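In terms of the working numbering, the sequence shown opens at residue 52 and continues consecutively.
In this text, a Cβ means the ideal position worked out from N, Cα and C, and glycines have one as well.
Computed from a prediction, not measured in an experiment: that's the story for all the values here.
To start, the structure itself, in C-alpha cells.
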Amino acid sequence: MGGSRIGDRPAGTARRAPWALTVPAALGLAYLVVPLLGLIVRTPWATLPARLAEPRVLEALRLSLVTATAATAVCLLLGVPLAWLLARVPFPGRSLVRALVAVPMVLPPVVGGVALLLVFGRTGLIGRWFADAVTLPFTTTAVIMAQAFVAMPFLVISVEGTLRTADPRYEEAAATLGASRWTVFRRVTLPLVAPGVAAGAVLCWARALGEFGATITFAGNFPGTTQTMPLAVYLAMETDPEAAIVLSLILLAVSAGVLTVLRDRWLGT
52 MGGSRIGDRP
62 AGTARRAPWA
72 LTVPAALGLA
82 YLVVPLLGLI
92 VRTPWATLPA
102 RLAEPRVLEA
112 LRLSLVTATA
122 ATAVCLLLGV
132 PLAWLLARVP
142 FPGRSLVRAL
152 VAVPMVLPPV
162 VGGVALLLVF
172 GRTGLIGRWF
182 ADAVTLPFTT
192 TAVIMAQAFV
202 AMPFLVISVE
212 GTLRTADPRY
222 EEAAATLGAS
232 RWTVFRRVTL
242 PLVAPGVAAG
252 AVLCWARALG
262 EFGATITFAG
272 NFPGTTQTMP
282 LAVYLAMETD
292 PEAAIVLSLI
302 LLAVSAGVLT
312 VLRDRWLGT
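Structure representation (C-alpha cells):
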C-alpha cells in the first residue's frame, strides 16, 4: 500500500514537539516561573526568622487565617446547597444563574468591593436599613464578606462538577426506601461528593487568603482589623520592601501547599 502509516513511524516521532511550539512554550514557562524564583532569591533568609516574628507580620497572618477560614465556612454553608441546586434541580433560568455565580471569578475584585459597598454600606441598598444598629464596611466582618464574595464561585463550581459526575442511583435508592430529601442529602449525597467539597473548600480558602481588591475597597486597610496579608504586602512595598518579600513568600508557600493538596484531583501525580 502506498503512503506512510502512523504505525510505521519511528518510536517517539509522534511525540516530538516542533521547535515552533517548543520555544514559545519554554518562554511561557520561564515567564511564569522566573518571577517566583526571583522572589525566593531575593528573600532575606538571614533575617527571615526575626521578620516572621514581627508583630505586624503575625497580626496580618493571624487576621488572614481567621478571616479566610470564616469566609470558607460561609461559602460552605451557602455554596454547597447552591451547587446542589444547580446540579440536581432543573428550573427555568438555570444557565443564567450558573453564569451569575461565575461572574465574581472574572470580575475585577475592586469592582466587587464597590458593589458590596453600594449594597451593604451605610447608604447602600440593604445597609441603610440597619446602618444605625450595625456597621459592616471597614470592619473585620467586611473582610470576611469580601473574601466570601470572590471565593464562593470556586467552591460552587467544584462541588457542582462533582455532583454531576456522582452516580444518582444511590440517592434514588435511598429515596425509594423512604428517606426524606434532607436525609438523602445528608446521609448519601454529601458522603458521595465529600472529596469534591474538600477540594473546593481548600481552593476557596486559598482564594480568600489571597484576596486584595474587594477587601481594600469594602473593608479598608486598618492594621489589626482589616489589614490581611495581601494588604500588608501592598503597604510594606512602600516602606519596607524586605517585609513585603517575606509576606509574599508566605503567600507563595501557601499557594504551593494548596497545589500539593489538590495535585491528585487536578494536576495528576
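Close beta carbons around Gly251, own chain, < 7 Å, minus the five adjacent residues each side = Phe205, Leu206, Ser209, Val210
Compare the beta carbon distance of Val309 and Leu298 with 7 Å and say whether it is the shorter of the two.
-> no
Could you tell me if Glu222 is buried or exposed, where buried requires 16 or more neighbouring beta carbons within 10 angstroms of its beta carbon?
-> buried
Out of Leu99, Gly264, Thr279, Thr73, which has the shortest C-alpha to C-alpha gap to Ala119?
-> Thr279
Less than 8 Å between the CB atoms is what I'm expecting for Ala202 and Arg258, so what's the real figure, rounded?
-> 4 Å
State the start and end residues of the unbroken alpha helix (DSSP H) segment that holds Arg102.
-> 99-103
Cut-off 7 Å between Cβ atoms - residues of its own chain near Ala165, not counting five sequence neighbours on either side | In the sequence as presented, Ala is not what sits at residue 165; that position holds Val. Correct list, in chain order: Thr268.
Please state whether DSSP places Gln198 in a helix, a strand or coil.
-> helix
Inter-stretch contact (C-beta, 8 Å, three-pair minimum) for the region 288-302 and the region 170-188 | no
Could you round the C-beta distance between Ala265 and Val161 to whole angstroms and report it? I think they count as a contact, below 8 Å.
-> 7 Å
Can you list, in chain order, the residues of its chain whose CB lies under 6 Å from that of Ile239, leaving out five sequence neighbours each side?
-> According to the sequence provided, residue 239 is Val. The question's Ile does not apply to it. Taken in chain order, the residues that qualify are Tyr221, Glu222, Ala225.
Cα-Cα separation, Leu116 to Leu260 | 7 Å
Going by the CB atoms, is the gap between Val253 and Val312 shorter than 7 Å?
-> yes
Helix, strand or coil at Leu286 according to DSSP, with G and I counted as helix | helix
Where Thr190 falls: helix, strand or coil (DSSP) = coil
Complete alpha helix (DSSP H) runs within the region 99-168 (minimum length 4 residues, chain order) | 99-103, 106-139, 145-157
Cut-off 6 Å between Cβ atoms - residues of its own chain near Ser55, not counting five sequence neighbours on either side | A caution first: Ser55 carries a pLDDT of 49, below 50, which makes its placement in the model unreliable, though a value can still be read off. Excluding positions up to five away in sequence, the list is empty.
Assign Leu187 to one of two classes, buried (16 or more other C-beta atoms within 10 Å of its C-beta) or exposed (fewer than that).
-> buried
N-terminal and C-terminal residue of the alpha helix (DSSP H) that Thr234 is part of | 232-235
To the nearest angstrom, report how far apart Ala138 and Pro106 are at their CA atoms.
-> 46 Å
Can you tell me the Cα-Cα spacing of Arg145 and Leu300, whole angstroms?
-> 41 Å
For Ala111, which option in Val154, Val305, Leu168, Pro274 has the closest C-alpha, if you only look at C-alpha atoms?
-> Pro274
May I ask you to report which of helix, strand or coil DSSP gives Glu262?
-> coil
With distances taken from CA atoms, which of Gln198, Phe171, Ala134 is nearest Pro281?
-> Gln198
What residues in its chain sit with their C-beta under 7 Å from that of Leu393, if we drop five residues either side in the sequence?
-> No answer is possible for residue 393: it lies beyond the span of the chain, which begins at 52 and ends at 320.
Evaluate Thr320 with the Cβ neighbour count: other Cβ atoms within 10 Å of its Cβ, from every protein chain shown; 16 or more gives buried, anything less gives exposed.
-> Model confidence at Thr320 stands at a pLDDT of 46, short of 50, so the residue's coordinates are unreliable; what they give is reported in the following sentence. Classification of Thr320: exposed, given that the 10 Å Cβ count is below 16.
Measure from the alpha carbon of Asp218 to the alpha carbon of each residue in Thr234, Leu241, Phe171, then state which is nearest.
-> Leu241
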